[in-house]
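Below: the structure, in structure tokens.
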Amino acid sequence: MTAAASTEATPKWILDDLYLAQDDPKISEDLDRTAESAKSFAAQYQGKLAALDGAGLGRAIKEYEELSEVLSAVMSYAQLLFAADAENAQVAAFYQDMNERATEISTDTLFFELELNRIEDATLAQQMTDPTAVKYAPWVDSVRIYKPYQLDDELEKLLHEKSVT
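The numbering of the sequence shown is the numbering used here, which starts it at 612 and goes up by one.
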């Protein structure tokens, strides 16, 4: 079998549910909107999680989830394109660009999980009794598993920013 025939026979992912193409304007729109939302999110919640009531924590987690979902969609699209055609320089550059943008945006929200881990157990237990927050209990538990391994915020930020390279 020739290389051309092999390539033609290879199944292709249909990624239209995520984005139509690398130059789909929706990608830039999603990233720009999420970057702005991440900055607003940080301004609203950074340094304040322990003081929130349960409903407030639930709303904060929901906002964090929404930001994460957009970044996950962009990165899933970029990763799947790259996995299917890693030797294509244009696809590789797109993948790297998306990695850099996602890291830049998520740096603004990095505080959230770190701060969530610093909330006293009794305070968090009280917050998590609210119906708005309780549905996120499994996710909160999965975040807090890493509490013993959490580093200083600045070191965590540095490691996060360097994770792109």
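Note that beta-carbon positions come from the ideal geometry of N, C-alpha and C, so glycine has one too. Here the structure is a predicted model, which means the values were calculated and not measured.
Beta carbon of residue i, beta carbon of residue j: below 8 Å?
i      : j      : result
Thr645 : Leu682 : yes
Gln657 : Phe722 : yes
Thr734 : Ala661 : yes
Leu642 : Arg712 : yes
Ala744 : Gly665 : yes
Glu738 : Leu663 : Going by the sequence as given, residue 738 is Gln instead of Glu. Yes; because the gap between Cβ atoms is below 8 Å, this pair is in contact.
Phe693 : Ala703 : yes
Of the choices the options, whose alpha-carbon is the least far from that of residue i?
i      : options                        : result
Glu677 : Thr720, Glu767, Ser774         : Thr720
Met709 : Ser639, Lys623, Ala654         : Ser639
Ala649 : Leu626, Ser679, Tyr688         : Ser679
Ser651 : Leu766, Ala661, Tyr675         : Tyr675
Glu724 : Gln690, Lys659, Glu647         : Lys659
Glu715 : Arg729, Glu647, Lys623, Gln701 : Glu647
Asp628 : Val685, Pro622, Leu642         : Val685
Gly669 : Glu711, Ala713, Ala748         : Ala748
Asp752 : Val702, Asp732, Leu766, Ala653 : Asp732
Lys673 : Ser774, Trp750, Thr740         : Trp750
Ser774 : Ala695, Asp696, Gln707         : Gln707
Between the alpha carbons of residue i and residue j, how many angstroms are there, rounded?
i      : j      : result
Gly667 : Pro636 : 34 Å
Leu727 : Leu626 : 34 Å
Lys623 : Arg729 : 45 Å
Glu767 : Pro742 : 31 Å
Glu698 : Lys758 : 39 Å
Check your understanding: Any contact of the segment 685-692 with the segment 625-636, i.e. 3+ C-beta pairs under 8 Å?
Key -> yes
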